[in-house]
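Letter 223 of the sequence shown, counting from 1, is numbered 253 in full-length UniProt numbering, and no numbers are missing.
Each residue gets a CB set at the ideal place from its N, CA and C atoms; glycine is no exception.
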Amino acid sequence: IADSNNSTTTTTTTPTPHVVLVPLMAQGHIIPMLDLAQLLTERDVHVTFITTPVNASRIKPIIVRVHESNLPINFIELPFPCAETGLPLGCENLDLVPSVDLQLNFFEANQLLALPFEQRLKNLVPPPSCMINDMWNPWTANVARSLNIRRLVYHGPSCAYIYCSYVFQLHKISEIVTDEFEEITVPGLTDYDNVFGQSFKVCRRHAPGWSNAPGFEKLSEKVLQGEETADGVVMNTFDDVEPMFVEAYKKVVGKDVWSVGPLCLYDKDDDLSARIVRGNKAAVDQGKLLCWLDSMEENSVLYVSFGSLTQMNVGQILEIGSGLEASEVPFIWVIKDVEKCPKVEEWMEGFEKRMSLRSFVIKGWAPQAVILSHKSVGGFVSHCGWNSTLEAVSNGVPMITWPQFADQFLNGRLVVELLRIGIAIGVKEPVFYYGEDEIRVRRDDVEKAVRSLMGAGEETEERRIRAREIKEKAIKAMEEGGSSYENITRLVEYIKHESCKGVQETKA
Ligand code: UDP
């Protein structure tokens, strides 16, 4: 793929299927799209991957690996307009936005990528035949239209969330039901009703559409329109993990839906040094971590991490630590860079000394995929981001579900109620940034949940068996003949068909 600066675009008559992937600049969105990019190249599709300088530097080892293996992926770095939108310099990823007040600025900056994006795309040789954009990038619609190419929307959350949000928005539930915590029967889930003998109920707060934050109304509307005007939908899920929701969504959305996940299973490289960089450079010595994990008994270690975005305060961090200490279970605990502060550092010093024999604390970015795939890891305290959930499912790791915001409450319910491979910590109220003194879960509840997930007993064993079963289904879905594998085949056929059409039109 060449990036020509010549303003008169050279068209080609070779029908090379060429897809442009446009992720939202956030870890939970970039990581699975990178997997998708590599997966498409395995099926003879050329890919252009949109990124920005800061994000490209985070995934540099992956870019180098892609170039060294001659994979046809062209990374385009668009300058992210921080200064123009009042963001601090370098604030190019959602996890770098320092406060809730600047989140909307981040999405404004994101929208301003449209113009440079269109200019770069016009110069691509061969020209792209199709675009797959994250749902948060509805501004790609105009560009696809102006280039006269197909556009598919990529949904990163679970289909349960997408479906419930979609029908709630369709039926204007927020105008009818004022109580945000009132449980509402989700229409159109007959398969669920038949299996469970009751209807599936969700409150608005747990399926708020694309965002319930004030100021986001216009953006939410655009996201919905972006989905409506898309030619099809690509989802990072698989049929066996949430069949009722996938079926119901396909019926209402009225366009092609390709469920192609779990995309994390693409990254099954045995070379751990390659897998250790996933989304960002790990803040840990790989050798030390693996050595520690190797020294632990099978299924004995609990992994504790809340994804890339949730920011906890000192009080909540200390409650988690104290609960882990009381549980007597070995653990790996991830504390984010943004959560570090003198109080936390001071407390951690004593804590790490006391816990030295049974803990591994990672301060910064953790190599989560490597950790979850290690045989010593037997439990995961998670915020239930959909990627983390799929990574747990794909590795057969039971979970303690502690959702924070967006799709995470519904993802947690899939884990606990449908798959029955998890225990809920029991939170109800969404949160993104923890308030100064906000403590959601106390140490005793952390200890209780950990003992119950990791302790011996029939329930634990049955949970593990179910987790292994769903892991097998996830692996099967991605193997030749599996549902996601076949959906990727159909998706690639669609893309190829579109490339040929482009060529015929050019010839005419
Ligand atoms: N992740 C990681 N190391 C970390 C934190 C997160 O590798 O220290 C990865 C994780 O494996 C997942 C993604 O970042 O692939 C987070 O996506 P998810 O949907 O779980 O949550 P979000 O960060 O979007 O809330």
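Exercise for the section: Please report how far the alpha carbon of Glu210 lies from the alpha carbon of Gly465, in whole angstroms. Expected result: Spanning the alpha carbons of Glu210 and Gly465 requires a straight line of approximately 21 Å.
Problem - Exposed unless 16 or more other CB atoms sit within 10 angstroms - verdict on Ser159 - result: Burial is judged here by how many other beta carbons sit within 10 angstroms of a residue's own beta carbon; Ser159 has at least 16 and is buried.
Exercise for the section: Kindly indicate which three-state DSSP category Gly309 falls into: helix, strand or coil? Expected result: Residue state for Gly309 is assigned as coil, using DSSP reduced to three classes.
Problem - 8 Å Cβ shell around Cys189 - same chain, five flanking residues per side excluded - result: Met265, Thr267, Glu272, Phe275, Val276, Tyr279 and Ser289, listed in sequence order.
Handout entry: Boundaries (first-last residue) of the alpha helix (DSSP H) holding Asp474
Key = First-last of the alpha helix (DSSP H) with Asp474: Arg473 to Met484.
Exercise for the section: Kindly indicate which three-state DSSP category Glu523 falls into: helix, strand or coil? Expected result: Three-state DSSP puts Glu523 in a helix.
Exercise for the section: Flag this pair as touching only if the segment 400 to 407 and the segment 306 to 324 have three or more C-beta atom pairs under 8 Å; answer yes or no. Expected result: Using a Cβ-Cβ distance cut-off of 8 Å, the segment 400 to 407 and the segment 306 to 324 are in contact, since at least three pairs of beta carbons, one from each stretch, lie closer than that value.
Practice task
List the DSSP bridge partners of Val407.
Solution key: Per the DSSP secondary-structure output, Val407 pairs in a beta bridge with Val331.
Exercise for the section: Confirm the yes/no value for this check: CB of Thr419, any heavy atom of the ligand UDP, distance under 8 Å. Expected result: In this structure, the ligand UDP has a non-hydrogen atom nearer than 8 Å to the beta-carbon of Thr419.
Exercise for the section: Could you say if the segment 137 to 148 and the segment 102 to 114 meet the contact criterion of at least three C-beta pairs nearer than 8 Å? Expected result: Inter-segment contact for the segment 137 to 148 and the segment 102 to 114 is present: three or more beta-carbon pairs are separated by less than 8 Å.
Problem - DSSP-derived helix/strand/coil call for Asp269 - result: Residue state, collapsed to three classes: coil.
Exercise for the section: Along the beta strand (DSSP E) that carries Asp164, what are the first and last residues, could you check? Expected result: Taken as a continuous stretch (DSSP letters only), the beta strand (DSSP E) holding Asp164 covers Cys160 to Asp164.
Handout entry: Pairwise C-alpha distance: Gly380 and Leu66
Key = The straight-line gap from Cα to Cα measures roughly 43 Å.
Handout entry: Pair within 9 Å by beta-carbon distance, Lys377 and Val344
Key = It is Trp, not Lys, that sits at residue 377 in the sequence shown. Cβ atoms of Trp377 and Val344: closer than 9 Å.
Handout entry: Pro53 vs Thr81 beta-carbon contact at 9 Å
Key = Using a Cβ distance threshold of 9 Å, Pro53 and Thr81 count as a contacting pair.
Handout entry: Sequence-distant residues of its chain with Cβ nearer than 8 Å to Leu444 (five each side left out)
Key = Same-chain partners within the cutoff: Ser188, Ala190, Val271, Glu272 and Thr419.
Practice task
Can you tell me which of the three DSSP states Glu213 falls into?
Solution key: In the structure shown, Glu213 falls within a strand segment according to DSSP collapsed to helix, strand and coil.
Exercise for the section: Answer yes if the segment 192 to 205 comes into contact with the segment 86 to 96, meaning at least three C-beta pairs across the two stretches below 8 Å, and no otherwise. Expected result: Taking 8 Å as the limit for Cβ pairs, the verdict is that the segment 192 to 205 does not touch the segment 86 to 96.
Problem - Pair within 9 Å by beta-carbon distance, Val232 and Ile214 - result: Going by C-beta atoms, Val232 is nearer than 9 Å to Ile214.
Problem - Sequence-distant residues of the same chain with beta carbon closer than 7 Å to Lys405, five excluded per side - result: Contacts found: Glu328.
Practice task
Examine the ligand UDP and report whether any of its heavy atoms sits within less than 8 Å of the Cβ of Pro397.
Solution key: Yes, since a heavy atom of the ligand UDP falls inside the 8 Å radius drawn around the Cβ of Pro397.
Handout entry: Selected residue, minimal CA-CA separation from Asn178, among Asp437, Phe226, Leu151 and Cys414
Key = Per the Cα distances, Leu151.
Handout entry: Counted within 10 angstroms of its Cβ, other Cβ atoms place Cys414 as buried (16 or more) or exposed
Key = Under this definition Cys414 is a buried residue.
Exercise for the section: Could you tell me whether the Cβ atoms of Ser335 and Val282 are closer together than 9 Å? Expected result: Not a contact, by the Cβ cut-off of 9 Å.
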